[in-house]
Ligand SMILES: N[C@@H](CC=O)C(=O)O
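Numbering (my numbering), first residue to last: 2 to 315.
Encoded structure:
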């Protein structure tokens with residue numbers, strides 16, 4: 002696992018957001034989480050965030066250090082691994098005590114909810130950083146969550162590392178909040194935060210540096226090629242690369258993105274992800290067949306792409 006990173010690393014790899022694999026008794030599975038991490042690394046992904054898809058806000062603090070230590074052992078030396086902290090300021094301090102004795106450079110701050118003020122939120126982030134020295138990637142899912150000027154101050158103080166931006170917009174809708182954030186902290190510090198489809202507009206039209214995604218866990222090579230296409234401004238190639246992911250993305254939109262991804266990894270045969278953490282639950286059996294097809298087709302497209310690349314290199 003890497004112990005230091007720079008803002009350029011936000012653009013160097015897709016930030017994969019995998020599910021967490023547990024054994025039937027709810028214990029962490031080294032073998033299955035290792036299988037997911039190996040598949041990502043073989044597909045070229047070097048940044049992995051244990052966030053929303055891993056239900057990270059619901060990890061008991063009692064196992065937080067142990068699960069992170071296990072992930073660190075499983076990750077390759079060149080992988081940038083990000084844990085999550087929050088969502089509340091008290092839990093952040095319990096997690097700071099754990100992170101203080103580890104070497105994670107950056108953690109994702111999952112969105113905080115009411116009650117809060119922006120002044121108080123700034124104080125909570127400063128207190129966390131003073132305790133453990135870990136910088137924060139701020140996850141923004143709602144308009145006006147944190148003022149752009151406060152983000153800029155926290156970035157200048159070395160507390161905020163960057164922003165994972167995931168406020169949904171209608172097609173063609175102007176995104177004033179995103180523009181303010183980019184004007185304050187610079188596009189290099191902001192990544193698109195909700196999968197491959199919105200990353201196309203975020204990177205091509207708003208100039209964001211990269212993106213986080215879930216489908217990348219099944220198709221890392223395709224997703225990395227999508228990132229490269231977007232960095233060179235190639236919309237046609239990006240759209241082509243997105244198309245094998247769309248059936249699974251459609252199922253995620255219809256039935257819940259976290260649980261569909263968790264079960265898709267298992268049904269594709271990539272990893273036995275096991276029980277999903279409460280308060281989430283598994284997908285209904287009614288969409289199982291469609292999920293087997295979508296996940297299997299996406300994995301097949303990934304393996305075909307890898308075979309073509311290997312042949313081209315030989
Ligand atoms: N929610 C997105 C990316 C993660 O933050 C996804 O799963 O595609």
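Every residue gets a Cβ at the ideal spot worked out from N, C-alpha and C, and that includes glycine.
Let me know if residue 254 comes out buried or exposed under the rule of 16 or more other beta-carbons within 10 Å of its beta-carbon. exposed
Out of 220, 240, 211 and 60, which one is the CA nearest neighbour of residue 228? 211
Can you look up residue 48 in the DSSP assignment and give me helix, strand or coil? strand
Considering only heavy atoms of ligand 2, does any lie closer than 7 Å to the CB of residue 258? Summarising the ligand content, the structure contains ligand 1 and does not contain ligand 2.
Does the distance from the C-beta atom of residue 291 to that of residue 252 stay below 8 Å? yes
Can you give the Cα-Cα distance for residue 235 and residue 241, rounded to whole angstroms? 10 Å
Going straight from the alpha carbon of residue 305 to that of residue 140, what length do you get? 34 Å
Where does residue 129 fall in DSSP's three states? helix
Taking DSSP's pairing of strands, which residues face residue 141 in a bridge? 166
Short of 8 Å in beta carbon distance, which residues of its chain neighbour residue 147, apart from the five on each side in sequence? Order them along the chain. 119, 122, 139 and 141
Start and end residues, beta strand (DSSP E) containing residue 81: 81 to 83
Quick check: is any heavy atom of ligand 1 less than 7 Å from the C-beta of residue 44? no
Under a Cβ-count criterion, where at least 16 other Cβ atoms within 10 Å of its own Cβ denotes burial, should residue 180 be classed as buried or exposed? exposed
Can you have a look at residue 124 and say buried or exposed, based on whether 16 or more other CB atoms are within 10 angstroms of its CB? exposed
Could you compute how far the alpha carbon of residue 42 sits from the alpha carbon of residue 109? 21 Å
Can you tell me which of the three DSSP states residue 110 falls into? strand
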